């Protein structure tokens, strides 16, 4: 390809533009000049004609104006002429001429009336009224007499004769009207009116002078007329208007009109040429500029292509190489001469080049469409390399394709890096969604799958929940490796027993879930679960040792119409817990009955929340008695729920749900507040309760608010005892627990170990907590009457307490026989139905006051 | 017979008669009798007067005391000023013997003093205004009348209304001219003699419009009259009567004879004339006709041989009065001719001679209306009616026939 240095397109464009605008201006000037010349030639006669027409119109208008004025005056005179008072005198019927004079004076007198007189048929003046008497002198008597004689001798409809007089700038016209009697002229009314020339003949620049003449004189040629003068005769009055146009004004108007016309034409031409110039610029100059720019761009492109780092190949329309750049030679090893005349594909593509890529490329080239793809090419030395290649068809200004250009660059390294990143990403994603031990999908994968299912088939989901039985035992006895082995074995079973579309998941620890594929019901799930249970039950061998585990299965399905997909996991959990409750190693479905139980729990949960808000929990007090004296030494506070809908509820009925709801602390706080208040009130009545004990959880002990509460108890408040379950003492061995317990003890609270003997507390552990009282579990107390072993065990416990300096309280003292035995064995305090049941404060008060002697232990004993 | 046809016939008759006279060669131009009348608006009256006058002159071969005479129509078109011009011409003329008046009174009423001061011999066959023939004291009276005298019509109307119509409330509807004013006086005087006053006395201008007539009728209607005396020219009279008929259809009208001499009967429908029982003041020509007066028959025969009755002549009053006045003039000229002053040369002396003869006519003159014996006498104190040829006893009432002509009202 030869690359020529192009002339500067900017210079060419400027030149073209300059020529274009010069031509436009020249044509514009020619157009304006020729238009002006044409206007001058054609318009002058028209203008002159229009001017004459304007003068004609003007003179006609003025004539009509004058005639209208004179007709008004004549009408006034005719009215006078028809007045009976006037005609009576004129006819000679009445001799008093004053009547006429008065009539004239009292009648309507326009401002321009100079004088008015009435004449009889003989031409004698009957009466005159002269507001401007001087004006009458302007008229010869003979003129007036002639006028009167004229009108009294002619028909009244003939042309009105008038007399004109001018005095300076004032013009007066003498008018006459007949006095009629029975339709005949019997006299004349004569009057002179001043013509207000300014009103009748308004000033006009086209008029030099205007004057009134008699029509008869004008017709007879007695009126000298200037050149161009125009006249108009009045129809009913012997008067005509002669108007002489102002020639200078006419010429000035011509010039003005000419100038305005040429200016208007020039304006129109400016607009027209502006439009033409804009269109011409778009049609001529801009394409030229575009061409120049294209040439320049092409030259620059050629230079760029020569120097480009990307490999460029240009082919003809058949795909035969016509040009390559040096970068291509560097990349492929082929010189331009070597590849010239060949098809690039024949030279560059080899055995591992993806045939699909080649087909894609060919299809685009056949359709003359651009294509961009990544392609494996081969160098001259046979080594392969990846390129990102873009191939575009080349077309001329008519849109006809004449070749292709391909631009490519080496992406071998980039592609390797990209593959590595993709692989790493896939790894990370796999790990995020899978359990590393078993390789099963994890809880996150399950959640995503449930979301997808909810989006696609929300009413078609079945979940199988699996919990291994005794897995902790395997871990504890055979070690974690054995546990991991079991988990992997179970995972394999899950994989084996599930079909494509099912999703086996390890959700944590020994818990697994299978989300069955679409279309599977709970019955299918049960079948699968039974199959898996059979296999999981089978003993396996790990490092020569037999390993046995079982599994509990809970199944819930949306097909059963009990739960939506969102609650399916909860339903499966409920079924699983039922399976566990029923003895484990079995499969349970989420049935309608179970559903009712869950709903019941849920209702109870709602009631509990409401009860807490309404503080419906009430303290019941069970007294504790000195074993020897049977004096009340304290009370244990027990919670009761006075529900307005469910009645009085015992802790066993609501505490499990309350624990699930994590509201036990709140309930304890209510009971504590009420109990302290009630016992305090009782003390104010003179009844003293030495100690009030509360059952507390480890959480409550660690709740700083409890400490603050104890601190804030008023002076004289009863002594507080906290009963902590032995199991709690065993499980909670944290520093915070120990710290909190110490702080509470420091406030004077008595620490009691509740249900001692039911757990697995070690004596050493108990000693660390430094309890004050040991409450022996009632299961150890109750059999003492029948069992020597029980008595012996109890005796050992009491002895141990003595050694530790603890006081012992026996719970579950059912009968006084128990009480006596226990007292003999050294128990310090007794609590049980033998003495008193838990009761509200009123019952406690009544008990203490001896109002109910039937329950008094003394009386009983007696 | 139409007016035009009638006049043509009259013209032929008079023209044929005049041929011999025209062939004579008189020394002087004929004397002239100037008829100062309205030949335009009230042409019938003027022409009727002229016909009567010519008929009487014709009987004498158009000679007055041996002097040829001609009748010269002078149209004043109801304009007093034109009459004045005629007077001027009369005074300048050497052949104008006398002025024969028309039906209008104003020209003579207005210029009575002028006439008398300038010795203008004026003979009135129709004008009825009372004062005309009563010269201002100190003036020689040159005005004679053979017609109704309004100074007597008042009494006549009131007498007629009392006798025949039993009118309780009388309205006076009068033309606003001196003539009308004079009639108001005479009528009011006649009523006052009977201790009565007019229910209303109202005037209207000459040339009254329909609207003004309607307003006038409302005014009259407000007075609730049962009879009215109307004084008007025929044209104004027709307008006023039509308006009154709309307002007061049962009002009985006694009209002065001013409504004659024109198209009154054509302008006022017969139903209106009948409803309002319009009667018109007349001299008693119709009564004479009814009485088969031979003078009348002769005159009619001479004037219009084809006519059957006086009513066929338009404005017959003018004919009757013109004829009778003509006969009086002829008689007076004959008497003057016997004196030396009737020389045919000095017109002034001839005028004086004729006047003197009129005042002292020796022989009775037989006219249509009556025998004038004598017609006039000197207008001296105690003889206010000396220049009146007719008196109250010569007055009659006429009524309209369906065809518009008059008939004697019995």
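Protein chains in written order, with the UniProt record's numbering: chain A, 1 to 862; chain B, 1 to 410. Using N, Cα and C, we set each Cβ at its ideal position, and we do this for glycine too. In this text the structure is predicted, and so the values were computed from the model without any measurement.
Keeping to the same chain, check which residues put their C-beta closer than 8 Å to that of residue i; ignore five residues upstream and five downstream.
i: residue 316 of chain B; result: 48, 285, 286, 310 and 406
i: residue 663 of chain A; result: 608, 609 and 612
i: residue 500 of chain A; result: 517
Using a Cβ-Cβ cut-off of 7 Å (strictly less than) and excluding sequence neighbours within five positions of residue i, which residues of its own chain qualify?
i: residue 267 of chain B; result: 238
i: residue 783 of chain A; result: 790
i: residue 459 of chain A; result: 558
i: residue 328 of chain A; result: 311, 312 and 313
i: residue 232 of chain B; result: 175, 240, 258 and 259
Per DSSP, which residues does residue i bridge with? Please list them.
i: residue 243 of chain A; result: A:210 and A:230
i: residue 307 of chain B; result: DSSP output for residue 307 of chain B lists no bridge partner at all.
i: residue 401 of chain A; result: A:395
i: residue 174 of chain B; result: B:203 and B:231
i: residue 775 of chain A; result: A:809
i: residue 181 of chain A; result: A:184
What does the alpha-carbon distance come out to for the pair residue i and residue j?
i: residue 793 of chain A; j: residue 810 of chain A; result: 13 Å
i: residue 361 of chain A; j: residue 375 of chain A; result: 10 Å
i: residue 274 of chain B; j: residue 328 of chain B; result: 37 Å
i: residue 321 of chain B; j: residue 145 of chain B; result: 10 Å
i: residue 353 of chain A; j: residue 346 of chain A; result: 12 Å
i: residue 147 of chain A; j: residue 345 of chain B; result: 41 Å
i: residue 198 of chain B; j: residue 58 of chain B; result: 46 Å
i: residue 106 of chain B; j: residue 208 of chain B; result: 17 Å
i: residue 334 of chain B; j: residue 80 of chain B; result: 32 Å
i: residue 60 of chain B; j: residue 201 of chain B; result: 47 Å
i: residue 648 of chain A; j: residue 639 of chain A; result: 10 Å
i: residue 215 of chain A; j: residue 126 of chain A; result: 30 Å
i: residue 19 of chain A; j: residue 25 of chain A; result: 10 Å
i: residue 804 of chain A; j: residue 767 of chain A; result: 8 Å
i: residue 771 of chain A; j: residue 841 of chain A; result: 28 Å
i: residue 24 of chain B; j: residue 290 of chain B; result: Low confidence applies to residue 24 of chain B: its pLDDT is 41, below 50, so where it sits in the model is not reliable enough to give any reading.
i: residue 667 of chain A; j: residue 848 of chain A; result: 27 Å
i: residue 174 of chain B; j: residue 389 of chain B; result: 25 Å
i: residue 502 of chain A; j: residue 589 of chain A; result: 18 Å
i: residue 510 of chain A; j: residue 520 of chain A; result: 24 Å
i: residue 399 of chain B; j: residue 122 of chain A; result: 40 Å
i: residue 201 of chain A; j: residue 129 of chain A; result: 28 Å
i: residue 128 of chain B; j: residue 96 of chain B; result: 24 Å
i: residue 49 of chain A; j: residue 228 of chain A; result: 12 Å
i: residue 276 of chain A; j: residue 295 of chain A; result: 27 Å
How would you list, in chain order, the residues of chain B whose beta-carbon sits under 9 Å from the beta-carbon of residue i?
i: residue 181 of chain A; result: 41, 77, 78, 79, 206 and 207
Counting only the same chain and skipping the five closest in sequence on each side, list residues whose C-beta sits under 6 Å from that of residue i.
i: residue 807 of chain A; result: 773 and 828
i: residue 83 of chain B; result: 36, 76 and 107
i: residue 326 of chain B; result: 53, 56 and 57
By the criterion of Cβ-Cβ separation under 7 Å, what are the contact partners of residue i in chain B?
i: residue 863 of chain A; result: The question about residue 863 of chain A has no answer here: the residues shown for chain A are numbered 1 through 862.
i: residue 95 of chain A; result: 110
Using a Cβ cut-off of 8 Å, pull out every chain B residue sitting near residue i, in sequence order please.
i: residue 88 of chain A; result: 176, 177, 205 and 206
Who are the neighbours of residue i on chain A, taking C-beta pairs under 8 Å?
i: residue 73 of chain B; result: Under the 8 Å cutoff, chain A gives no residues; its nearest Cβ is about 17 Å from residue 73 of chain B.
Considering only heavy atoms of the ligand ADP, does any lie closer than 6 Å to the CB of residue i?
i: residue 526 of chain A; result: The ligand ADP is absent from the structure shown, which contains no ligands of any kind.
Since residue i meets chain A, which of its residues come closer than 9 Å, beta carbon to beta carbon?
i: residue 235 of chain B; result: 182
| task | Answer yes if the region 278-298 of chain B comes into contact with the region 362-375 of chain B, meaning at least three C-beta pairs across the two stretches below 8 Å, and no otherwise. | result | These segments touch.
| field | Proximal residues, the region 109-133 of chain B versus chain D, C-beta separation under 7 Å | value | The structure shown contains no chain D; its protein chains are A and B.
| task | Please confirm if the region 110-122 of chain B is in contact with the region 210-226 of chain A, defined as three or more CB-CB distances below 8 Å between the two stretches. | result | Taking 8 Å as the limit for Cβ pairs, the verdict is that the region 210-226 of chain A does not touch the region 110-122 of chain B.
| query | With contact counted as at least three CB pairs below 8 Å, one residue from each stretch, are the region 589-605 of chain A and the region 812-825 of chain A in contact? | reply | The answer is no - the region 812-825 of chain A does not touch the region 589-605 of chain A, with fewer than three Cβ pairs under 8 Å.
| message | Assess contact between the region 204-224 of chain B and the region 83-96 of chain A, defined as three or more Cβ pairs (one per stretch) separated by less than 8 Å. Is contact present? | response | A contact between stretches requires three or more CB pairs, one per stretch, nearer than 8 Å, and the region 204-224 of chain B meets this requirement with the region 83-96 of chain A.
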